[in-house]
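A quick write-up on the structure given underneath.
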Amino acid sequence: MPSLPSLFISHGAPDLPIRTGPTQTFLKELASTIPIPRAILIISAHWLTNEPSISTDKQPETVYDFGGFTPELYQLNYPAPGEPALAKRVAELLAAADLPVQTRAKRGFDHGVWTPLILIYPTAKIPVVQMSLQPSHGPDYQWRLGKLLAPLRSEGVLIIGSGAATHNLSAFAGYTTPPPQWVTTFDDWLATTIHNNDLASLLDISKI
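Going by the working numbering, the sequence shown opens with residue 1351, and the numbers climb by one from there.
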(Lines of atoms letter the chains of each structure in order from A and count residues from 1; the text may use other names and numbers.)
(Lines give C-alpha, C1' and ligand atoms only; values in the text may rest on other atoms or scores of the structure.)
Protein backbone atom coordinates (compact mmCIF):
# COMPACT_ATOMS: atom_id res chain seq x y z
CA MET A 1 0.00 0.00 0.00
CA PRO A 2 1.33 3.48 -0.84
CA SER A 3 1.99 5.91 1.99
CA LEU A 4 -1.22 7.65 2.97
CA PRO A 5 -1.43 11.42 3.41
CA SER A 6 -1.95 13.09 6.75
CA LEU A 7 -4.86 15.54 6.86
CA PHE A 8 -5.97 18.52 8.89
CA ILE A 9 -9.70 19.12 8.73
CA SER A 10 -11.54 22.17 10.03
CA HIS A 11 -14.69 20.31 11.00
CA GLY A 12 -16.86 23.38 11.54
CA ALA A 13 -19.93 23.37 13.76
CA PRO A 14 -21.41 20.05 14.96
CA ASP A 15 -24.33 20.44 12.55
CA LEU A 16 -22.05 20.27 9.48
CA PRO A 17 -23.37 16.79 8.53
CA ILE A 18 -26.91 18.16 8.17
CA ARG A 19 -26.04 21.59 6.77
CA THR A 20 -25.67 21.68 2.99
CA GLY A 21 -22.76 23.76 1.76
CA PRO A 22 -19.32 23.70 0.13
CA THR A 23 -17.54 22.26 3.19
CA GLN A 24 -19.99 19.38 3.40
CA THR A 25 -19.59 18.72 -0.33
CA PHE A 26 -15.79 18.80 -0.07
CA LEU A 27 -15.75 16.24 2.74
CA LYS A 28 -18.20 13.96 0.95
CA GLU A 29 -15.88 13.88 -2.07
CA LEU A 30 -12.61 13.63 -0.14
CA ALA A 31 -12.49 9.83 0.18
CA SER A 32 -12.48 9.43 -3.60
CA THR A 33 -9.17 11.33 -3.82
CA ILE A 34 -7.08 9.14 -1.47
CA PRO A 35 -6.43 5.39 -1.07
CA ILE A 36 -8.77 3.51 1.23
CA PRO A 37 -7.10 3.24 4.66
CA ARG A 38 -7.18 0.10 6.76
CA ALA A 39 -7.64 2.28 9.87
CA ILE A 40 -7.84 5.92 10.95
CA LEU A 41 -6.00 7.72 13.74
CA ILE A 42 -7.73 11.01 14.50
CA ILE A 43 -6.48 13.69 16.87
CA SER A 44 -9.44 15.75 18.06
CA ALA A 45 -9.26 19.28 19.41
CA HIS A 46 -12.18 18.34 21.67
CA TRP A 47 -10.11 15.93 23.73
CA LEU A 48 -7.44 17.94 25.56
CA THR A 49 -4.87 16.45 27.93
CA ASN A 50 -1.43 17.32 29.27
CA GLU A 51 0.10 14.20 27.72
CA PRO A 52 -1.05 12.00 24.81
CA SER A 53 -3.97 9.74 25.60
CA ILE A 54 -5.18 7.06 23.21
CA SER A 55 -8.57 5.35 23.05
CA THR A 56 -8.50 1.54 23.21
CA ASP A 57 -12.27 1.05 23.11
CA LYS A 58 -13.34 -1.77 20.76
CA GLN A 59 -16.69 -0.12 20.04
CA PRO A 60 -16.72 3.59 20.96
CA GLU A 61 -20.07 5.28 21.39
CA THR A 62 -21.09 8.50 19.64
CA VAL A 63 -20.82 11.43 22.05
CA TYR A 64 -22.93 14.59 21.65
CA ASP A 65 -20.58 17.01 23.39
CA PHE A 66 -22.57 20.14 22.53
CA GLY A 67 -25.99 21.64 23.11
CA GLY A 68 -28.64 23.82 21.54
CA PHE A 69 -28.82 22.22 18.09
CA THR A 70 -31.77 20.77 16.19
CA PRO A 71 -32.99 17.37 17.49
CA GLU A 72 -32.11 15.80 14.14
CA LEU A 73 -28.42 16.13 14.96
CA TYR A 74 -28.73 14.03 18.11
CA GLN A 75 -30.10 11.14 16.05
CA LEU A 76 -26.88 10.77 14.07
CA ASN A 77 -24.66 7.86 15.02
CA TYR A 78 -21.19 6.86 13.88
CA PRO A 79 -20.74 3.17 14.83
CA ALA A 80 -17.20 2.67 13.51
CA PRO A 81 -15.23 0.06 15.47
CA GLY A 82 -12.13 0.90 17.43
CA GLU A 83 -8.85 -0.95 16.95
CA PRO A 84 -6.96 -1.74 20.16
CA ALA A 85 -4.00 -3.11 18.14
CA LEU A 86 -3.52 0.27 16.46
CA ALA A 87 -3.88 2.04 19.81
CA LYS A 88 -1.10 -0.19 21.16
CA ARG A 89 1.08 0.56 18.13
CA VAL A 90 0.62 4.32 18.62
CA ALA A 91 1.48 4.04 22.30
CA GLU A 92 4.62 2.06 21.47
CA LEU A 93 5.80 4.64 18.93
CA LEU A 94 5.49 7.43 21.48
CA ALA A 95 6.91 5.45 24.39
CA ALA A 96 9.96 4.50 22.31
CA ALA A 97 10.76 8.22 22.13
CA ASP A 98 10.34 8.57 25.91
CA LEU A 99 7.06 10.45 25.60
CA PRO A 100 4.64 9.74 28.46
CA VAL A 101 1.45 8.23 27.09
CA GLN A 102 -1.82 7.01 28.58
CA THR A 103 -4.64 4.83 27.26
CA ARG A 104 -8.39 5.15 27.81
CA ALA A 105 -10.52 2.03 27.70
CA LYS A 106 -13.75 4.03 27.46
CA ARG A 107 -13.65 7.12 25.29
CA GLY A 108 -16.49 7.80 22.87
CA PHE A 109 -16.20 9.62 19.57
CA ASP A 110 -16.61 13.35 20.29
CA HIS A 111 -17.89 15.58 17.50
CA GLY A 112 -14.33 16.39 16.45
CA VAL A 113 -14.21 12.76 15.32
CA TRP A 114 -17.63 11.90 13.96
CA THR A 115 -18.62 15.25 12.41
CA PRO A 116 -16.04 14.94 9.60
CA LEU A 117 -15.91 11.13 9.42
CA ILE A 118 -19.65 10.70 8.95
CA LEU A 119 -19.25 12.69 5.73
CA ILE A 120 -15.94 11.24 4.53
CA TYR A 121 -16.60 7.58 5.36
CA PRO A 122 -20.37 7.36 5.99
CA THR A 123 -20.48 3.55 6.12
CA ALA A 124 -18.40 3.63 9.35
CA LYS A 125 -16.65 0.38 8.40
CA ILE A 126 -13.06 1.61 8.84
CA PRO A 127 -11.69 1.20 12.39
CA VAL A 128 -11.00 4.48 14.19
CA VAL A 129 -8.66 5.26 17.08
CA GLN A 130 -8.86 8.65 18.76
CA MET A 131 -5.92 10.47 20.33
CA SER A 132 -5.97 13.58 22.51
CA LEU A 133 -4.39 16.95 21.78
CA GLN A 134 -1.88 18.70 24.06
CA PRO A 135 -2.48 22.46 23.69
CA SER A 136 -0.10 23.32 26.53
CA HIS A 137 2.85 22.16 24.42
CA GLY A 138 4.26 24.36 21.69
CA PRO A 139 4.66 23.89 17.92
CA ASP A 140 8.01 22.08 18.24
CA TYR A 141 6.35 19.41 20.36
CA GLN A 142 3.48 19.00 17.89
CA TRP A 143 5.95 18.70 15.01
CA ARG A 144 7.91 16.04 16.90
CA LEU A 145 4.71 14.15 17.66
CA GLY A 146 3.79 14.14 13.99
CA LYS A 147 7.19 12.76 13.01
CA LEU A 148 6.83 9.97 15.56
CA LEU A 149 3.44 9.01 14.15
CA ALA A 150 4.54 9.27 10.50
CA PRO A 151 5.48 5.55 10.11
CA LEU A 152 1.78 4.71 10.45
CA ARG A 153 1.15 6.30 7.06
CA SER A 154 3.02 3.45 5.33
CA GLU A 155 1.09 0.93 7.43
CA GLY A 156 -2.28 1.82 5.93
CA VAL A 157 -3.29 4.31 8.62
CA LEU A 158 -4.83 7.66 7.71
CA ILE A 159 -3.82 10.31 10.25
CA ILE A 160 -6.29 13.18 10.68
CA GLY A 161 -6.04 16.29 12.81
CA SER A 162 -9.54 17.63 13.46
CA GLY A 163 -10.33 21.08 14.84
CA ALA A 164 -10.23 24.57 13.36
CA ALA A 165 -7.50 26.89 12.13
CA THR A 166 -9.33 29.74 13.91
CA HIS A 167 -11.98 29.53 16.63
CA ASN A 168 -13.80 32.47 18.20
CA LEU A 169 -17.52 31.93 18.66
CA SER A 170 -18.06 35.49 19.89
CA ALA A 171 -16.90 36.74 16.47
CA PHE A 172 -19.24 34.41 14.57
CA ALA A 173 -22.04 36.40 12.95
CA GLY A 174 -23.83 33.65 11.03
CA TYR A 175 -23.24 31.36 8.08
CA THR A 176 -24.10 33.99 5.48
CA THR A 177 -21.87 36.72 6.95
CA PRO A 178 -18.26 36.95 5.73
CA PRO A 179 -15.69 36.11 8.41
CA PRO A 180 -13.68 38.89 10.08
CA GLN A 181 -10.62 40.11 8.21
CA TRP A 182 -8.23 38.62 10.77
CA VAL A 183 -9.63 35.17 10.00
CA THR A 184 -9.05 35.37 6.26
CA THR A 185 -5.65 37.00 6.77
CA PHE A 186 -4.51 34.16 9.01
CA ASP A 187 -5.99 31.46 6.78
CA ASP A 188 -4.26 32.94 3.73
CA TRP A 189 -0.96 33.11 5.63
CA LEU A 190 -1.34 29.52 6.80
CA ALA A 191 -2.13 28.18 3.33
CA THR A 192 0.76 30.07 1.74
CA THR A 193 3.24 29.05 4.43
CA ILE A 194 2.32 25.37 4.15
CA HIS A 195 2.40 25.53 0.34
CA ASN A 196 5.90 27.02 0.52
CA ASN A 197 6.98 24.32 3.00
CA ASP A 198 8.18 27.10 5.32
CA LEU A 199 8.59 24.99 8.43
CA ALA A 200 10.55 27.66 10.31
CA SER A 201 7.65 30.13 10.07
CA LEU A 202 5.11 27.49 11.07
CA LEU A 203 7.09 26.58 14.18
CA ASP A 204 7.40 30.29 15.02
CA ILE A 205 3.67 30.87 14.62
CA SER A 206 3.29 32.64 17.98
CA LYS A 207 5.11 35.67 16.57
CA ILE A 208 2.44 36.41 13.96
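In this text, a Cβ means the ideal position worked out from N, Cα and C, and glycines have one as well.
Boundaries of the beta strand (DSSP E) around Phe1358: Ser1356 to Ser1360. DSSP places His1396 inside the beta strand (DSSP E), whose first and last residues are Ala1389 to Leu1398.
Between Lys1408 and Pro1387, the C-beta gap is not smaller than 8 Å, which leaves the two residues out of contact.
The Cβ-Cβ distance between Pro1372 and Leu1449 does not fall below 8 Å. In the displayed model, Gly1462 falls within a helix according to three-state DSSP. When secondary structure is reduced to three states using DSSP, Arg1369 falls in the coil class, being assigned neither helix nor strand. When C-alpha distances from Tyr1424 are compared across Leu1366, Leu1553 and Pro1385, the shortest belongs to Leu1366.
In the DSSP assignment, Gln1452 falls within the beta strand (DSSP E) that extends over Gln1452 to Arg1454. The DSSP-derived three-state label of Ile1555 is helix. Under the Cβ criterion (8 Å, minimum of three pairs), the segment 1530–1542 does not count as touching the segment 1411–1427. In this structure Gly1496 is exposed. Its beta-carbon is surrounded by fewer than 16 other beta-carbon atoms within 10 angstroms. 8 Å or more divides the Cβ of Leu1483 from the Cβ of Ala1447. Taking C-beta atoms as the reference points, Thr1465 and Ile1404 fail to come closer than 8 Å. Contact annotation: Val1413 and Asp1460 have beta-carbon atoms nearer than 8 Å.
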